[in-house]
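**Q**
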Amino acid sequence: MLSGLARSLWRPASAASGVARMITPTTKPTTLLMQSRSLSTVSFRNSLNKAAATRTYATATATASPTSSSATPQFKTYTPSSPGRRWLKRVPRDHLWKGKPVRALTIAKRSTAGRNNTGRITVRHRGGGHKRRLRIVDWYRRESGAQLVERIEYDPGRTAWIALLKHQTTGRQSYILAPHDLQPGSVIHSFLDKSSWNQTKNGITTTLPIDKGNCLPLSRIPTGTIIHAIGMKRNGPAQVARSAGTYAQLLSTGETGHAIIRLSSGEVRKFPVDVCATIGVVSNPGNMHESLGKAGRSRWMGIRPSVRGVAQNACDHPHGGGKGKTKGGKDPRSPWGTLAKGGKTRKHPNKMVVRERPRR
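Sequential numbering from 1 applies to the sequence shown in full-length UniProt numbering.
Here's what the structure looks like:
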């Protein structure tokens, strides 16, 4: 029979060893206290590891930095029934619309294989691929009023998801970039028209809602807000931060002049305060971590292979020629001689850039 002290000091070992540990009454009290503390620390760490393993991907709010989340997005993997499926890793698309898009909001994409009107290749590594119809996305968001999000769809011409909107007054349908975690059934607005700024309800003037998916000029967005789909000139289309998972943060703004925005690349740049911007992060943030699984899937997307410069002839590339595998004694550069790593290529600095992006 164990004494009361031995029964109270009996503790199981860590889960890694799988063996229970018994502390005898002959152990010194100081040693017993240290052992009990170490065992409780191990069990506490194990519980934290289990909680971290089951944690799912968390969406960043419009006012918080999206990089603050330590969770990782979940991916869909496949049974390795073939070599091409062994390393295939894709973002789940169960929440996307299963049917066809709105025909009136699509246009046929005619493949040019990277050639210009004279038949010469001006963009390399393009050609082939599946036949596609591109979705016409509304980059201007000029129509004010409440718009209902009918569904989230896939767009073969871009990495982000798109949302189908229906204006609750006119019934007009349009496509926009879907912000991350935008749900069907949500109601979003566009406040680019100044007549919609001063809204009065029950005699009280309300402020503009800073909700994901709402489009506002930079002058009406609070400082520190996470935004995307930013225009570059007044009444112009959205041109910046449109790829999957990208975002920017508004650092300063005002009624007139220029606003200062930090982009995903780390560059800090000026924008006119009258340009459009959408609240939130672009959808499909896990796109950059996807694995195509095989080269054929890249060909389906219209991407042709690329050949290393050192494997070419000397007349085709600055790195080409020579006996065996040699670098040729030159710094990394493009086929036309432009330095590829760290070389200065801009002849006239951009006056709108406050701080350039960090370079390696």
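Where is the CB? At the ideal position from N, CA and C, for every residue including glycine. Bear in mind the structure is a predicted one, so any value in this text is a computation, not a measurement.
Applying the 10 Å Cβ sphere with the 16-neighbour rule, what's the burial state of Arg308?
**A** Arg308 should be labelled exposed.
**Q** The alpha helix (DSSP H) that contains Pro285, what's its start and end?
**A** Pro285 -> no alpha helix (DSSP H), and no H or E assigned at all.
**Q** So, do the segment 157-173 and the segment 276-290 have three or more beta carbon pairs nearer to each other than 8 Å?
**A** Contact between the segment 157-173 and the segment 276-290 is present, because at least three Cβ pairs lie under 8 Å.
**Q** Run the CB neighbour count on Pro358, radius 10 Å, all protein chains shown included, and call it buried at 16 or more, exposed below.
**A** Burial call: exposed.
**Q** Whole angstroms are fine: how far does the CA of Ile303 sit from the CA of Gly296?
**A** Spanning the two alpha carbons is a distance of roughly 10 Å.
**Q** Below 7 Å CB to CB, which residues in the same chain sit around Gly266 once its five sequence neighbours on both sides are set aside?
**A** Contacts found: Arg357 and Pro358.
**Q** Within the same chain, show all residues whose beta-carbon is closer than 8 Å to that of Thr122, passing over the 5 residues directly before and after it, in chain order.
**A** The residues are Gly114, Arg115 and Asn116.
**Q** Quick check on this structure: which residue in Ile188, Tyr140 and His258 has the alpha carbon closest to the alpha carbon of Leu148?
**A** Checked all of Ile188, Tyr140 and His258; the closest Cα to Leu148 is Ile188.
**Q** Suppose contacts are defined by Cβ-Cβ distances below 7 Å. Is Met352 in contact with Lys233 by that definition?
**A** No, the pair does not count as a contact, with Cβ atoms beyond the cut-off.
**Q** Would Val268 and Arg355 qualify as a contact pair, given that the criterion is a beta-carbon distance under 7 Å?
**A** Contact flag set, yes.
**Q** Closer than 8 Å is the cut-off here; do at least three beta carbon pairs connect the segment 132-146 with the segment 227-243?
**A** Contact holds: three or more Cβ-Cβ distances are below 8 Å.
**Q** Can you tell me the Cβ-Cβ gap for Pro318 and Gly342, rounded? I've got them flagged as a contact below 8 Å.
**A** Actually they do not touch by this definition, with Cβ atoms about 16 Å apart.
**Q** Could you check the C-alpha separation between Val282 and Lys212 for me, to the nearest Å?
**A** If you take the alpha carbons of Val282 and Lys212, they lie about 10 Å apart.
**Q** Throw me the rounded Cβ distance for the Thr278 and Ala229 pair, which I believe falls under 8 Å.
**A** That pair is a contact at about 4 Å.
**Q** Quick one: measure Cβ to Cβ for Leu164 and Glu150, integer angstroms, because I've assumed they're closer than 8 Å.
**A** At roughly 5 Å, the Cβ-Cβ gap stays under 8 Å, so Leu164 and Glu150 are in contact.
**Q** Anyone know if the C-beta pair for Leu339 and Arg346 falls short of 7 Å?
**A** The answer is no: Cβ separation not under 7 Å.
**Q** First and last residue of the alpha helix (DSSP H) that includes Arg299?
**A** Where Arg299 is concerned, the enclosing alpha helix (DSSP H) stretches over Ala295 to Trp300.
**Q** When you compare each of Lys294, Arg124 and His95 to Leu182 by their alpha carbons, which one comes out closest?
**A** Minimum Cα distance to Leu182 is reached at His95.
**Q** Considering only the alpha carbon of each residue, which of Trp87, Glu153 and Thr170 lies closest to His180?
**A** Of the listed residues, the one whose Cα sits closest to His180 is Glu153.
**Q** Could you name the residues of the same chain whose beta carbon sits closer than 8 Å to that of Lys344, not counting the 5 residues immediately before and after it, in chain order?
**A** Answer for Lys344: no residue qualifies.
**Q** Apart from the five residues just before and just after Trp87, which ones in its own chain have a Cβ nearer than 7 Å to its Cβ?
**A** The residues are Ser291 and Gly293.
**Q** Check the C-beta distance from Gln173 over to Leu105 and give it rounded, since I have them as a contact under 8 Å.
**A** Going by Cβ atoms, the distance from Gln173 to Leu105 rounds to 7 Å, so yes, they are a contact pair.
**Q** Grouping DSSP H, G and I as helix and E and B as strand, with all else coil, what is Ser291?
**A** Of the three classes helix, strand and coil, the one that applies to Ser291 here is strand, per DSSP.
**Q** Take the Cβ of Ser81 as the centre, count every other Cβ of all protein chains shown within 10 Å, and call the residue buried at 16 or more, exposed below.
**A** Exposed is the call here.
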